[in-house]
Amino acid sequence: MDLDTLLEKINRLEYHQSILLMMISKSDDQFYKLIVEKSLSRKDVERFLAMCEELTIALEEQQAEGFVYFESLYRNLKDSLHPNLDAKEVIEACLRQKLYLPLMLELKKFVK
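Residue numbers for the sequence shown follow our numbering, so the first one is 570 and each next one is one higher.
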C-alpha cells in the first residue's frame, strides 16, 4: 500500500470517527464517546477499568469498616487518570452510562 492510499484511509477514518461521535452524542454511551474523543488506546481503557475494579473493592471494604468519607479514592482516581482525561468528565460520563455506579456516585461528591 502506498503512502497516498494510506493517508486517504486515515482521512476517511477520521471523518467516519467524527460522524460516529455525532451519532453517539445523542446516546447515554458517554464514556465510550470520551474514549474516542480523547483518543485512548485499548490498553488505556483496560487500565482505567482495572483501576475502577480496584477502587470498587476498596470502596466496599471501607464501607464495611464504617467509613463514610472516600476522598482518598477520588484522589487515587484523579491521580491515576490518563493525561487526556479530567476526573469530572470521566465521573459524569460513567454515571450517564451507568458504569461503576456505587463508586462514581461516591466520587462525584468530591468533584469541584
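Every residue, glycine too, gets a C-beta built ideally from N, C-alpha and C.
From a predicted model like this one, the values you see are computed outputs, not experimental measurements.
query: Rounded to a whole number of angstroms, what is the C-alpha to C-alpha distance between valine 680 and leucine 590?
result: 25 Å
Is it right to say valine 637 is buried, meaning 16 or more other beta carbons lie within 10 angstroms of its own, or is it exposed?
exposed
Checklist entry - Quick check: the segment 669-680 against the segment 603-612, are there 3 or more CB pairs under 8 Å? => result no
Buried/exposed call for isoleucine 716, threshold 16 Cβ in 10 Å: Residue 716 is absent from the model: the chain starts at 570 and stops at 681.
> For leucine 646, does the count of other Cβ atoms within 10 angstroms reach 16, so buried, or fall short, so exposed?
Replying inline: Result: buried.
When the Cα atoms are used, what is the spatial distance from alanine 619 to aspartate 573? 39 Å
Practice item. Work out the CA separation of histidine 585 and lysine 578 for me, nearest whole Å. Key: 10 Å
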